[in-house]
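Its first residue numbered 88, the sequence shown is counted upward by one per residue in the numbering used here. One structure is given here, and the rest of the page talks about it.
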Amino acid sequence: MVVVRTSEAGLLPEKDAWAFEALKELFVREKGFDLEAYKERCILRRIYLKVRSRGHSDLGAYYRFLSRHPEELEHLFQYLTINVTEFFRNPPAFEYLERKIFPRLMEEQRHRGRLELWSAGCSSGEEPYSLAISLLRTRKKHRLFVPFHVLATDVDRNILARARRGVYGRESLKNLQEEDIRLFFKEEERGYSVSNEVRECVTFRTGDVLKDQPGSMHSLIVCRNLLIYFSRENQERVISGFSRNLCDGGYLMLGKAETLIGRNRLYFQSVSPTERIYRMRGEPLADSL
Ligand SMILES: C[S@@+](CC[C@H](N)C(=O)[O-])C[C@H]1O[C@@H](n2cnc3c(N)ncnc32)[C@H](O)[C@@H]1O
88 MVVVRTSEAG LLPEKDAWAF EALKELFVRE KGFDLEAYKE RCILRRIYLK
138 VRSRGHSDLG AYYRFLSRHP EELEHLFQYL TINVTEFFRN PPAFEYLERK
188 IFPRLMEEQR HRGRLELWSA GCSSGEEPYS LAISLLRTRK KHRLFVPFHV
238 LATDVDRNIL ARARRGVYGR ESLKNLQEED IRLFFKEEER GYSVSNEVRE
288 CVTFRTGDVL KDQPGSMHSL IVCRNLLIYF SRENQERVIS GFSRNLCDGG
338 YLMLGKAETL IGRNRLYFQS VSPTERIYRM RGEPLADSL
């Protein structure tokens, strides 16, 4: 079999090259989603897992099936966007926020109106709800009654429907203390439902970080385990976009395996290298998304 070595060391059989191009176009047309922005190696690996698990001989056959079955296209979309998450994912990062960053942000925000946070690539909601729980605890502990709001965006509409429902299985609460489960969740037949107090702090909205960023001033942007799937160029572009959505001295938190890229290193200083927390310094980057 002839194999073409594509960029990022992905492997695409020559006979499938047309199908990969056609599939990318289908995603743009039907889902408004640009696969080009993602690491090709990663996308191809997942696509071929699907090709095999659906019993197709090659990508061409799977593409023909996909173009006639919108439900399979939706399924592949969800499979490629990878929604894995949990409450207080990587607990030390949340501990750091709650101990060091949130009290300071709330102190600074006193008399200045609402504190704005943004969880970009929020998946089924565990991350923005964790931020809200952590901020509610900070407010109580430090007696700082500062209003706050968490904007939570994701490109996947279906996952956002789950996030808005806000009902979770017991295993996704494993990083929470019993007392917090009692305080911030209601046990129901279907699972554990996020309390109204927490829900009211979070707004979910569809959004693609590559195309539309909210534009308002945030004190903290949390974007974890999403940039890792983008090409280097797009990681840099998205982080530059974040710099224009942060207020003076605002914070950016990335995932454990993610870091600043290229020129972005000049505009942020590292606050916690282990927890991947950075703070804006100087002016935001000028180029637009
Ligand atoms: C692995 S999850 C990470 C969830 C959460 N941030 C965490 O760390 O637990 C990645 C999320 O990013 C979303 N996503 C992928 N591409 C995106 C894009 N271009 N814009 C916004 N969200 C995107 C996916 O739908 C998925 O829900």
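Here a beta-carbon is modelled for each residue, glycine too, at the ideal position from N, C-alpha and C. This structure is a prediction, so every number in the text was calculated from the model and none was measured.
Same chain only: Cβ atoms within 6 angstroms of residue i, ignoring 5 sequence neighbours per side
i              : result
glutamate 95   : Here glutamate 95 scores only 41 on pLDDT, less than 50, and its place in the model should not be relied on; the value that follows carries that caveat. Excluding positions up to five away in sequence, the list reads Lys126, Glu127 and Arg128.
leucine 297    : Ala124
threonine 168  : Asp243
alanine 109    : Tyr150
glutamate 159  : Leu153
tryptophan 105 : none
cysteine 209   : Pro215, Ala239 and Asp241
Buried or exposed (CB count within 10 angstroms, at least 16 for buried), residue i
i                 : result
threonine 172     : buried
phenylalanine 200 : The residue asked about is misnamed: residue 200 is glycine in this sequence, not phenylalanine. Glycine 200 is exposed by the Cβ-count criterion.
leucine 136       : exposed
arginine 292      : exposed
glutamate 362     : buried
arginine 352      : exposed
arginine 311      : buried
serine 217        : buried
glycine 294       : buried
serine 330        : buried
alanine 180       : buried
asparagine 332    : buried
isoleucine 304    : At residue 304 the sequence reads methionine, which differs from the isoleucine that was named. Answer is exposed; the Cβ neighbour count stays below 16.
Spatial neighbours of residue i in its chain, beta-carbon cut-off 8 angstroms, leaving aside the 5 residues before and after
i                 : result
phenylalanine 232 : Arg226
aspartate 103     : Asp145, Leu146 and Gly147
arginine 197      : Leu231 and Val233
leucine 260       : Phe174, Ile268, Phe272 and Tyr279
isoleucine 143    : The displayed chain sequence assigns histidine, not isoleucine, to residue 143. Cβ within range, chain order: Tyr149 and Phe152.
isoleucine 246    : Gln165, Thr168, Asn170, Ser210 and Ser211
From the options, residue whose alpha carbon lies closest to that of residue i
i              : options                           : result
tryptophan 205 : Arg352, Asn312, Gln300 and Trp105 : Gln300
glutamate 214  : Gly119, Asn262 and His162         : Asn262
arginine 141   : His162, Ser318, Ile130 and Thr361 : His162
glutamate 195  : Phe235, Tyr183, Cys209 and Tyr149 : Phe235
arginine 191   : Tyr216, Ser210 and Arg230         : Arg230
glutamate 203  : Val309, Glu108 and Ile315         : Val309
histidine 156  : Arg139, Tyr183, Leu113 and Arg186 : Leu113
lysine 228     : Arg116, Phe189, His198 and Glu258 : Phe189
leucine 314    : Glu284, Val138 and Glu345         : Glu345
isoleucine 364 : Tyr316, Leu307 and Leu353         : Leu307
tyrosine 338   : Arg311, Met367 and Ala248         : Met367
lysine 187     : Gln264, Leu222 and Gly212         : Leu222
serine 359     : Arg350, Tyr166 and Leu184         : Leu184
cysteine 334   : Glu266, Arg350 and Gly302         : Gly302
glycine 342    : Arg116, Lys118, Phe317 and Asn177 : Asn177
glutamate 266  : Glu258, Arg224, Arg286 and Asn283 : Arg224
Contacts around residue i, its chain only, beta-carbon distance under 7 angstroms, and the 5 residues preceding and following it disregarded
i                 : result
isoleucine 348    : Arg319, Gln322, Glu323 and Ile326
phenylalanine 107 : Leu99 and Leu146
serine 357        : Tyr365
phenylalanine 120 : Phe114, Phe164 and Val242
glycine 256       : Gly278
valine 237        : Leu204, Ser206, Pro215, Leu218, Ala219, Cys288 and Val289
Heavy atom of ligand 3 within 6 angstroms of residue i beta-carbon
i          : result
serine 259 : Absence of ligand 3 is noted for the structure shown, with ligand 1 being the only ligands found.
I'd like to know if the region 128-137 and the region 172-187 are in contact, where contact means that at least 3 CB-CB pairs between them fall below 8 angstroms.
no
Below 8 angstroms, can you find three or more Cβ-Cβ pairs linking the region 276-296 to the region 251-260?
yes
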